[in-house]
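Asks: Got a structure here, written out as structure tokens. Questions coming.
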Amino acid sequence: MLVVPGRDAAGVVDAAMIEIEAVSKTFETKRDRRHLAITDVSLAVAAGEFVSILGPSGCGKSTLLYIVGGFVMPSTGAVTVSGRAVTGPGPDRGPVFQEFALFPWKTVLGNVMYGLERSGIAKAEARKRARELLALVHLSAYETFYPKELSGGMKQRVALARTLAYRPTILLMDEPFGALDAHTRTRLQNDLLDIWERDRKTVLFVTHSVEEAVFLSDRVAVMTRSPGRIKEIIPIALPRPRDRAALLLDRRYQDYVVHIEQLMEIPAEGA
Amino acid sequence: MTRLASLPGIAPLMACAALLAVWELAARAIGIDGLPPASQALAQVPVILGDPEALLNIADSLRRMATGFALALCVAIPIGLTMGRSRQVAAFFNPLLMVIYPVPKAALMPIIMLWLGIGDASKTLVIFLGVSLPIVYHSYQGSRAVEEKILWSAAAMGMGAPARLARIVLPAALPEILVGCRTGLVLALITMVTSEMIARQTGIGNILFNSLDMAQYDTVYAMIVIIGVLGYTLDVAFEGLRSRLVGWAAPAHDIVAGTT
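These protein sequences, in sequence, are chains A and B. Just so you know, we're using this note's numbering here: the first sequence kicks off at 156 and counts up by one. Just so you know, we're using this note's numbering here: the second sequence kicks off at 82 and counts up by one.
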């Protein structure tokens, strides 16, 4: 009998939540030059899993995330989400960008309600849900503020609430804390884990910080320098819920950080 | 003196007073018909504003200006926004705009009059053309500058491209669009007067140039003052509207401490 891997007896695909299969992306640059951003990347992410993509800047890790989001089309290969091929963006995959990308003409509350109003929920209901989310990200006192009046950390909290509002099954986080100072970054990492523990959404998290990747993730996919490919995937077998102070003293946490840093130091070919 | 000058509204008033004083003195010193003293010209302002026929003329002008301006908003903003989001659309319209831009719109007036006569239609069309270009240009710039990630965020919410243009690109580009509208408003006033100069029938320009023909120089200068005040009033009103519409945007200039 022919055994098809990943299928059970009924033929139902026992697929991962996100399946990235042999994805490459070439950008056409000016004067007919081509830039191979990522090449032959395969990665499967299970439902409820928190996976980080870690790599040096310019390794194409954000490009990979945009391809999963449907914002960028791969040159070769394919991405499936919940068994369906990705052909464009959709509310099942909620992005959070380093640039926050808030709607500057909307108040904090208006931003969080925006995706809800799109989905046809009554305004009163949308407002109620938006307020719950603002409470979740500790911004209840700021609902009438405009984005320009907020600090970077607050903007990213609003962006997270705005994305969570329309209940995506997957969070796509593109260096979300990369533009924040160290203190704010730490606080937001803690808050993100608290929020994630409530319903354990599938998260694909792009970062260049080794500590951040180890602290947050179930698995860390380390990418090589351009053209980016996955060098190694390291499962992080640290207990949850995670406590930063305890973890920093934990020998296993330290070992992961050291191991991954060493992995990243080895120069890739041509680098 | 410096403290007095720093009071709000004092500086512009002093500038006006200085201009009138120079005008008055120069007119009395030179003493030609073509330059009546300021006092004499200003005395005509209430006369003009008290004349129902003159008021009807001014109302005619303003109506054409408003129509041309409104039409320009309806046409120019969608074109500019679409150009900013589509390279093909930009490639189509850009050369057209480059050709039309340096042509003085009033210079088209005689040709347009051949098609549409000397009535409202020709004048409104010329105003429309004059106003459209800066609005197209600034809408285009504003639309191009919209952050890609903002559009992606909306796309992830399930918003399609047409909805994004109306609900994301338009509000995001609004501060820049309004810069174009402000320029457009001034151009509307200018093309309005010039069009009435060429096709005399009714309007502010008609009064002005008829008075000039009849050597009623004090009326001519009074009309120029009225046009100037009209332009200033429209601009102040527009700025008020603009700051209400785009108060959410980081102020680009004129930041007064304590107003944010």
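Built from N, CA and C at the ideal position, the CB exists for glycine as well. In this text the structure is predicted, and so the values were computed from the model without any measurement.
Is the beta carbon of residue 223/A less than 8 Å from the beta carbon of residue 206/A?
Replies: Start at 1 with the first residue of the first sequence, and residue 223/A comes out as number 68. Start at 1 with the first residue of the first sequence, and residue 206/A comes out as number 51. Not in contact: residue 223/A and residue 206/A (Cβ atoms no closer than 8 Å).
Asks: If distances are taken between C-alpha atoms only, which option among 312/A, 303/A and 306/A comes closest to residue 293/A?
Replies: If you number the first sequence from 1, residue 293/A lands on position 138. Answer by Cα proximity: 312/A.
Asks: Taking the continuous alpha helix (DSSP H) assigned at residue 210/A, which residues delimit it?
Replies: Taking the first sequence and counting its residues from 1, one reaches residue 210/A at position 55. No alpha helix (DSSP H) contains residue 210/A, which DSSP labels as neither H nor E.
Asks: Please name the residue, chosen from 118/B, 244/B, 252/B and 91/B, that lies closest to residue 327/B on a Cα-to-Cα basis.
Replies: Counting from one through the second sequence, the residue named residue 327/B turns up at place 246. Comparing Cα positions, the closest option is 252/B.
Asks: Here's the rule: buried if 16 or more other CB atoms are within 10 angstroms of the residue's CB, otherwise exposed. What is residue 196/B?
Replies: Sequence index remark: in the second sequence, residue 196/B carries index 115 (1-based). Exposed: under 16 other Cβ atoms inside 10 Å.
Asks: Under 8 Å, with one C-beta from each stretch per pair, do the region 192-202 of chain A and the region 335-354 of chain A reach the 3-pair mark?
Replies: No, the region 192-202 of chain A is not in contact with the region 335-354 of chain A.
Asks: With DSSP run on the structure shown, which of helix, strand or coil describes residue 383/A?
Replies: Walking along the first sequence from the start, residue 383/A turns up at place 228. In the structure shown, residue 383/A sits in a strand (DSSP, three-state: E or B).
Asks: Taking the Cβ atom as the reference point for each residue, do residue 216/B and residue 258/B lie within a distance shorter than 8 Å?
Replies: Taking the second sequence and counting its residues from 1, the one referred to as residue 216/B is at position 135. Taking the second sequence and counting its residues from 1, the one referred to as residue 258/B is at position 177. Yes.
Asks: Return yes when the C-beta of residue 229/A is under 7 Å from any heavy atom of the ligand ZN, and no when it is not.
Replies: With respect to small molecules bound, the structure shown includes none, and the ligand ZN cannot be examined in it.
Asks: Tell me the DSSP secondary structure of residue 242/A in three-state form.
Replies: As a first step, residue 242/A must be located in the first sequence, where it is residue number 87. It is coil, neither helix nor strand.
Asks: If you draw a straight line from the C-alpha of residue 283/A to the C-alpha of residue 275/A, how long is it?
Replies: If you number the first sequence from 1, residue 283/A lands on position 128. If you number the first sequence from 1, residue 275/A lands on position 120. Roughly 14 Å between the two C-alpha positions.
Asks: Provide the residue span of the beta strand (DSSP E) that contains residue 177/A, from first to last.
Replies: Against the first sequence, residue 177/A aligns to sequence position 22. Start and end: 173-183.
Asks: DSSP three-state label for residue 161/A, please.
Replies: Here the question's residue 161/A lines up with position 6 in the first sequence. Confidence at residue 161/A is low in this model, with a pLDDT of 42, below 50, so its placement is unreliable and the value that follows should be read with caution. Correct three-state label for residue 161/A: coil.
Asks: Let me check understanding here. Comparing Cα to Cα, which of 248/B, 223/B, 183/B and 222/B lies closest to residue 210/B?
Replies: For the purposes of this step, residue 210/B is taken as the residue at position 129 of the second sequence. Comparing Cα positions, the closest option is 183/B.
Asks: Give me the residue from 255/B, 254/B, 256/B and 232/B with the minimum Cα distance to residue 245/B.
Replies: What you label residue 245/B is simply residue 164 of the second sequence in a count that begins at 1. For the residues 255/B, 254/B, 256/B and 232/B, the minimum Cα distance to residue 245/B belongs to 232/B.
Asks: For residue 252/B, go through chain A and note every residue whose CB falls closer than 8 Å to its CB, in chain order.
Replies: Residue numbering aside, residue 252/B sits at position 171 when the second sequence is read from its first letter. Going along chain A in sequence order, the residues near residue 252/B (Cβ under 8 Å) are 258 and 260.
Asks: Do the CB positions of residue 248/A and residue 267/A come within less than 8 Å of each other?
Replies: For the purposes of this step, residue 248/A is identified with residue 93 of the first sequence, where counting begins at 1. For the purposes of this step, residue 267/A is identified with residue 112 of the first sequence, where counting begins at 1. No, these two residues do not count as a Cβ contact at 8 Å.
Asks: What beta strand (DSSP E) runs, 3 residues minimum, are completely inside the region 155-243 of chain B?
Replies: For the region 155-243 of chain B, not a single whole beta strand (DSSP E) run of length 3 or above is found.
Asks: List the residues of chain A whose Cβ lies closer than 7 Å to the Cβ of residue 228/B, in chain order.
Replies: Counted from its first residue, the second sequence places residue 228/B at position 147. Near residue 228/B (Cβ distances below 7 Å), the residues of chain A are 254 and 256.
Asks: At a cut of 8 Å, does the region 403-421 of chain A reach the region 365-385 of chain A through at least three beta carbon pairs?
Replies: The region 403-421 of chain A is in contact with the region 365-385 of chain A.
Asks: Kindly list, in the order they appear in chain A, the residues whose Cβ is closer than 7 Å to that of residue 231/B.
Replies: Along the second sequence, one-based indexing puts residue 231/B at 150. The contacting residues are 256 and 258.
Asks: Alpha carbon to alpha carbon, how far is residue 146/B from residue 120/B? Give it in angstroms, no decimals.
Replies: Residue mapping note: residue 120/B aligns to position 39 of the second sequence, counting from 1. Residue mapping note: residue 146/B aligns to position 65 of the second sequence, counting from 1. The alpha-carbon atoms of residue 120/B and residue 146/B are separated by roughly 30 Å.
Asks: Tell me where the beta strand (DSSP E) around residue 250/A begins and ends.
Replies: Mapped onto the first sequence, residue 250/A falls at position 95. Here the beta strand (DSSP E) through residue 250/A covers 248-252.
Asks: Given this structure, state the Cα-to-Cα distance separating residue 264/A from residue 305/A, to the nearest angstrom.
Replies: In the first sequence, residue 264/A corresponds to position 109, counting from 1. In the first sequence, residue 305/A corresponds to position 150, counting from 1. Cα to Cα, residue 264/A sits roughly 13 Å from residue 305/A.
Asks: When burial is assigned at 16 or more other CB atoms within 10 Å of the CB, is residue 159/A buried or exposed?
Replies: For this step, residue 159/A is matched to residue 4 along the first sequence. With a pLDDT of 39 at residue 159/A, under the threshold of 50, the modelled position of that residue is not reliable, and the figure given next carries that caveat. Exposed, since its Cβ has fewer than 16 Cβ neighbours within 10 Å.
Asks: Kindly indicate the opening and closing residues of the beta strand (DSSP E) around residue 197/A.
Replies: Position 42 of the first sequence, counted from the start, is the residue given in the question as residue 197/A. Segment 189-200, the beta strand (DSSP E) holding residue 197/A.
Asks: With a threshold of 8 Å between beta-carbons, can residue 238/A be considered close to chain B, or not?
Replies: Locating residue 238/A in the first sequence gives position 83, counting from the first residue. No, no contact with chain B.
Asks: Need the endpoints of the alpha helix (DSSP H) that residue 124/B sits in, please.
Replies: Position 43 of the second sequence, counted from the first residue, corresponds to residue 124/B. First-last of the alpha helix (DSSP H) with residue 124/B: 119-130.
Asks: Run through DSSP, which three-state label would residue 373/A get?
Replies: For this step, residue 373/A is matched to residue 218 along the first sequence. Coil.
Asks: According to DSSP, simplified to helix, strand and coil, what is residue 390/A?
Replies: In the first sequence, counting from the first residue as 1, residue 390/A sits at position 235. Strand at residue 390/A.
Asks: Reducing DSSP to helix, strand and coil, say where residue 290/B ends up.
Replies: Within the second sequence, residue 290/B is the residue found at index 209, counting from 1. Three-state DSSP puts residue 290/B in a helix.
Asks: How would you call residue 382/A, buried or exposed, if buried means at least 16 neighbouring beta carbons within 10 angstroms?
Replies: By 1-based counting over the first sequence, the position of residue 382/A is 227. By the neighbour-count rule (16 or more Cβ atoms within 10 Å), residue 382/A is buried.
Asks: Could you work out which residue in 183/A, 231/A and 216/A is closest to residue 329/A when comparing CA atoms only?
Replies: As a working mapping, residue 329/A is identified with position 174 in the first sequence. Cα-wise, what sits closest to residue 329/A is 216/A.
Asks: Which first and last residues belong to the beta strand (DSSP E) in which residue 330/B is found?
Replies: Numbered from 1 along the second sequence, position 249 holds the residue referred to as residue 330/B. That residue, residue 330/B, is in no beta strand (DSSP E); it is neither H nor E in DSSP.
Asks: Just how far apart, CA to CA, sit residue 315/A and residue 251/A?
Replies: The sequence position of residue 315/A within the first sequence is 160, counting from 1. The sequence position of residue 251/A within the first sequence is 96, counting from 1. Cα to Cα, the separation comes out at about 6 Å.
Asks: Beta-carbon separation of residue 411/A and residue 389/A under 8 Å?
Replies: On the first sequence, position 256 is the one that residue 411/A refers to. On the first sequence, position 234 is the one that residue 389/A refers to. Taking 8 Å as the Cβ cut-off, residue 411/A and residue 389/A qualify as a contacting pair.
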